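So the sequence lines, in the order shown, correspond to chains A and B. Letter 149 of the first sequence, counting from 1, is numbered 149 in the working numbering, and no numbers are missing. Letter 468 of the second sequence, counting from 1, is numbered 468 in the working numbering, and no numbers are missing. Think of the CB as a built atom: it goes at the ideal place given N, C-alpha and C, for glycine as much as any other residue. Only a predicted model underlies this, so the values are computations on that prediction, with no experimental measurement involved. Below you'll find the structure, written out as structure tokens, and then a few comments.
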Amino acid sequence: MELFHFPRWVNRIRLMIPPMLLIGGVYVVGLVAFGASPKTLAVGYAPKQPIPYSHRLHVGELGLDCRYCHQNVDKSAHASLPASATCMNCHKAVRTESPKLALLRESFATGAAIPWVKVHDLPDYVYFDHSAHVTKGVGCVECHGRVDEMEVVTQVKPLSMGWCLDCHRDPQPRLRPVDQVTNLAWTAPEGGVDPSLLRTVHPKTNCSTCHR
Amino acid sequence: MSQTDQPAAASQNAPWRSLGEWQKTPDFQELVRREFAAAEPDQLGPVDRRRFLQIIGASAALASASACRYEKEELRPFAQRPEGFVPGDRRLFASAFERDGVALPLHVTTIDGRPIKVDGNPAHPASNGASDAQAQAAILEFYDPDRQRAVQAWSGGQGADKTWEDAFAAVSGALAAKKGDGSGVAVLCATSSSPALHAMRQRFAETFPNATWVQWSPLASGNPEAGAAMAAGQTGAAMRLRLHLDRAHVVLSLDADFLGNHPDAVRNRGDFAKLRKPEGEMSRLYAVESRYSQTGANADHRMPLTSGQMAAFLEALEQALSAKGMPGVAPAGAGSLPAGSEAFVTALAEDLWKGRDRAVVVAGDHLAPEVHARVMALNDKLGAIGKTISAHPLPAEVDAPGTAGLTRLAGMMASGSVQALIVLGGNPAYDAPGSLDFAGGLAKVPFKAHLSVYCNETSRACDWFLPMAHFLEAWGDARAFDGSYSVVQPTIEALHGGKSAIEFLSMVLEPAPRSGREIVRAAFDRVSAPMGGGDNLWRQTLRDGRLAGSETGALAVGFSAGSNAKMPAAPGGMELLLYPCPKVADGRFANNGWLQELPDFLSKVTWDNVLLVSVGDASEQGLHTGDLVEVTAGGASVSVPAYVAPGQARGSAALAMGYGRTAAGRIGGDRAQGVDPVGSDVASLRSADAPFLLGGVTVRKTGKTYPLATTQEHHLVEAAGMAAREERLGALVRTGTKEHFDHEPGFAKHETAHHPELVSLWEPHVYEGYKWGMAIDLSTCDGCNACVIACQAENNIPIVGKDQVSRGREMHWIRIDAYFRGEPENPTVAHQPIACAHCENAPCEEVCPVAATIHSDEGLNDMVYNRCVGTRYCGNNCPYKVRRFNYYHYPKRFFGKDPELMGLGNNPAVSVRSRGVMEKCTYCVQRIQEVKIDAHNAGRRIAEGEVKTACQAACPPQAIVFGDLNNPDSAVARLQAGPRSYELLEELNIKPRTQFLARVTNPNPTLVSDTHTESNDGHGH
């Protein structure tokens, strides 16, 4: 029986193996880098807003409460963005000529909405309800981070289902007295919070809790 | 092995769902065996290797694309948020839905300014919170992409887009020369009880004193009104009859469908159910009718009889009552009744006479005025007037119904004496009786304009089509059947710039046109003047949806003059009853897919009208269901498919109106776009003298067959082999009599088949918080279909189309099964609404390979659409057959790019399912969660009655009860603990959370033994 011999041109393929490995390596590294980038994983997502509104200035320095603008956060599923009229409560008198606020003034005058970009964007099949969390003593900071220190609002938590379930399975460490919910700088006192100040919660882990 | 080759008819007491089952045809046996009806592929056909690789490649490319981040989303807050507006929260507006001059009071739910659901107004006695299928489907109509969006000038069958300014210039031009006179000007207006429109009508009459104004509704005969006036001795008086079924203990329906086709049906259904619970006193309903109507389906005794013989039956009954001692009965005429009806008449007379003061007789709308006069005289003698039936003045805004007005107008048009015609709503070119040749007359009118929600047959025959505002987007007002005044509130800015009739007339008639709100407010001020009027009352009326004290009082008149009314002789030959379709009415809802795909309450036919023929006539003429036949009456003929209808009276055929639209839209048929009409148009058969009941009809077989999409044999609950059913399994639908129930309240539980002790392989679930459950009372369910459409609206359920329905792919989460019992000539029927029962040992959960259907700790079978990979194992393993699979992306099927507009009507609280995903009833989990979050935020438990499922809210007889089984005081817990409650297929140990309450009827003991022997005789083979 005659032995099988690889034909001669196979030698050329041998030469191509190192560059192919190199390209393959770059591809894998690139894939992982792209897959893990903020753009993909959401954490670190900080889109440019139509008006460069600074939470650091308004919340951190001026001390506005979250609910001054997000006024339905404890009543409804949606926290609500402020109407342009809410901004104008102050900006009628403050920085009335600032070019950065031209869009706000135009909106107030014409009634056209300001097209804010959604930062914390859950998939459409997730039905998250702000009021259910805020009234139970889950602080804003648990999901949104230190917004009072952000010049541009950035997503800091993954907001993935696994991450949600971590808390739904063990909520106690994330609870705080209800009057401290909007206090982003609040930390639990030494020795833990007085349990009488906390609401007892039994969050569900049913599928229909969030998906309908 | 089941005995599939057994040709004999079903045994004596076994229920059956179709004639196919009764006859045990091989086709039916095959349908039971299969889970998914059709096997032939309907999309890809044979796939070759190349095509297969293309699809795989494309799928892989798309899969990698889906890993990218979601698209950038924008949030657009109001510049000035309206007071009290919370983004994403539901807001209710009290409004009203007017059909043929009768308003059904509604609550319209809006989210973010979009109406997404309507329900009855619980604070209004005409609704009590309930509604019907047509009202529920209003949302789909509102967002229908086929609503014409522009003013159009039409000529030669072509429309050209114009502006409102152009239209007003044309209308004023045509009317300018007529000011102060008005002869030659005519307005044809869909019947309306709106005081605002009535004020405009008066204004119109001032400007054009000699103009003609006609109201038209093709559905109302005017016979009950005329008969009542005749019996009261006041010919020409305009009165309307209201039933009080919550006080009626003995009811006789003479071809009257007061639970189905009746302007006050929603209230009637609720009132009737109050005396149909066997735990208390029960009423007894006798139905004598030609077509198996919804009323007949709920009767304790039903006798099929042609409509022509109703007069003879009434005379026989009068004679029998006279024998009991009822005075003032005229001598009997010559009419004769079929043999064997004496016992029925005697027992009925006995019951009526014994129950006088609490009895009522109701005659069908299509029967002659003289029959109505005699019936009213009979009611008078039975002491029913003012107790179980009352006469009220017809609202001043409504003209006496009937064909007289339209006949006069058609005559004027034909003679050329109408120079300008304005049509407000309606569709007379399609629905006018054929004898009037309305379309021919229309062609002779030099100027004609049509204000209409759709650009329909009439619009296309006019010079101008003017888009009319839908009732959800315009101010208006209307009166309910009891005469009470409601304001119609807009819930959104007019989508397509349409105008309401009052706004349009104001722009035509008034130098300074007023807004709809101003016109309605002015009308309100006049109507409410006796109650004091004012801003506070206006706001209260808007909030309550009703002006208290505005209902019409009962007339104090006697009806004895009707005793001697001379009743008409029965028409010779076969008769044909043309009845308003309970789904698409007179065709006005023909482009509404929810209604087209809704199975008929008895025949379960979708997407068609069929000629209902009796079993006897069919076998005589060799007719089968699906045979195309030619029906000829008065020289005109139409082709329709026949349907052999159990319970149809021999010698009588029936056909629904409202089909065969040629300019409805992409759902209901539009010749201009190449979409075939749905069903057959019956207008040519109708004449102005006999619009509903025709005599001397011939039915001829054409030899062709026609494919019908009926769901009667779909989703059959396989009872483990047809032959073994009676031994091994309990009855699916359990019925008994009141006598039986009083004697043995738990009879239904004993119908469960004997089975060994039920042992589960799994540990039982523990429910510490809520434990949701449902009870459905089969005694009060009347099969009205309101729940089916309510569920469809609430849960974003798509329509699938006729071809898909015939493959068994309809998507309804709740279906109503009809179970017949007895001989096909006159069977009884029981309705059973079936949706997911949320079993505790759910068979679907065990077989899902990806855990897409999972048990929640409140007992719901959660369905997780995003996990579902579409194996359909769950559907196969579900014994109730309540799971539905998306074979296609159905929302895109009918309107291509347009579903964006329809998407606005979706309930944002429910995910829209995509192709390849299984879905089913969720117990309206979105409603549970919404209530739960509010309750828990406030630190309390959900209270009893706080969560209402969509089907429950819509149900007029309140047959569906939902609640927390862990609360022993809840209505559902008490019902499920009661003696009538039973589990469907309890033998399987699946522990369904939905239980049924056995159907209990209240037959007359003297008739029960008779019918029993009769049916035994009839079965002697």
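Any residues in the region 87-105 of chain B with a beta carbon nearer than 9 Å to a beta carbon of chain A? Which ones, in chain order?
Pro87, Gly88, Asp89
Which first and last residues belong to the beta strand (DSSP E) in which Phe820 (chain B) is found?
815-821
Strictly below 8 Å CB to CB, what residues from chain B border Ala132 (chain A)?
Ile933, His936, Asn937
Whole-number beta carbon distance between Gln294 (chain B) and Gly270 (chain B), since they are thought to touch under 8 Å
At roughly 14 Å, the Cβ-Cβ gap does not stay under 8 Å, so Gly270 (chain B) and Gln294 (chain B) are not in contact.
Alpha helix (DSSP H) containing Glu225 (chain B): first to last residue?
Start and end: 223-231.
Using a beta-carbon distance below 8 Å, is Asp964 (chain B) in contact with chain A?
no
Hey, how far is the Cα of Ser98 (chain A) from the Cα of Arg81 (chain B)?
24 Å
Classify Gly553 (chain B): buried if its beta carbon has 16 or more other beta carbons within 10 angstroms, exposed otherwise.
exposed
With DSSP run on the structure shown, which of helix, strand or coil describes Cys868 (chain B)?
Looking at Cys868 (chain B) - three-state DSSP - the assignment turns out to be coil, as it is neither helix nor strand.
Could you check the C-alpha separation between Asn967 (chain B) and Arg199 (chain A) for me, to the nearest Å?
24 Å
What residue range does the beta strand (DSSP E) around Leu466 (chain B) cover?
464-467
Determine, using beta carbons only, whether Val375 (chain B) comes closer than 8 Å to chain A.
no
Can you tell me where the beta strand (DSSP E) with Phe142 (chain B) in it begins and where it stops?
Taken as a continuous stretch (DSSP letters only), Phe142 (chain B) belongs to no beta strand (DSSP E), being part of the alpha helix (DSSP H) at 138-142.
Please tell me whether Asn1022 (chain B) and Asp782 (chain B) are closer than 8 Å, where the distance is taken between their beta carbons.
Past the boundaries of the shown model lies residue 1022 (chain B); chain B is included only from 1 to 1021, so the question cannot be answered.
Pull the bridge partners of Met376 (chain B) from the DSSP assignment, please.
DSSP lists no partner for Met376 (chain B).
Of all Cβ atoms in chain A, is any one closer than 8 Å to the Cβ of Gln621 (chain B)?
no
CB contact flag (Thr458 (chain B), Val423 (chain B), <8 Å):
yes
Identify each residue in the region 112-123 of chain A for which the Cβ-Cβ distance to at least one residue of chain C is less than 8 Å, and report them in chain order.
The structure shown contains no chain C; its protein chains are A and B.
What are the residues that DSSP puts in a beta bridge with Val118 (chain B)?
DSSP lists B:Val108 as partners of Val118 (chain B).
Give me the Cα-Cα distance between Val847 (chain B) and Gln804 (chain B), rounded to the nearest whole angstrom.
26 Å
Ala654 (chain B) burial status per 10 Å Cβ neighbour count (16 or more: buried):
buried
Going by other Cβ atoms of all chains shown within 10 Å of its Cβ, with 16 needed for buried, is Val527 (chain B) buried or exposed?
buried
Taking the C-alpha atoms as reference points, what is the distance between Gln540 (chain B) and Leu547 (chain B)?
8 Å
Skipping 5 residues on each side, what residues in its chain have a beta carbon closer than 8 Å to that of Glu510 (chain B)?
Arg203
Quick one: which chain A residues come within Cβ less than 7 Å of Glu1023 (chain B)?
No statement about residue 1023 (chain B) is possible, as the shown extent of chain B runs from 1 to 1021 and does not include it.
CB contact check: Ala719 (chain B) to chain A, cutoff 8 Å:
Caution applies to Ala719 (chain B), whose pLDDT of 48 falls short of 50 and renders its modelled position unreliable; the model cannot decide the point.
Classify His855 (chain B) as helix, strand or coil using the three-state DSSP reduction.
strand
Pull up the CB-CB distance for Val251 (chain B) and Leu314 (chain B), whole angstroms please, since I reckon it's below 8 Å.
Not really, about 15 Å apart at Cβ, beyond 8 Å.
Ala153 (chain B) versus Met150 (chain A): straight-line alpha-carbon distance, rounded:
Just so you know, the alpha carbons of Ala153 (chain B) and Met150 (chain A) end up roughly 59 Å apart.
Cross-chain neighbours of Leu81 (chain A) in chain B, by beta carbon under 7 Å
Within 7 Å Cβ-Cβ: Leu75, Pro77.
Quick one: what does DSSP say Cys839 (chain B) is sitting in, helix, strand or coil?
coil
Could you tell me the boundaries of the beta strand (DSSP E) in which Pro195 (chain B) lies?
First-last for Pro195 (chain B): 195-207, but that is the alpha helix (DSSP H), not the beta strand (DSSP E).
Cutting at 6 Å between CB atoms, please list the residues of its own chain near Glu597 (chain B), excluding the five before and the five after it.
Cβ within range, chain order: Thr606, Ile799.
Which first and last residues belong to the beta strand (DSSP E) in which Asp161 (chain B) is found?
158-162
Collapsed DSSP secondary structure at Val361 (chain B) in the structure displayed
strand
Taking Cβ positions only, does Cys167 (chain A) come closer than 8 Å to chain B?
no
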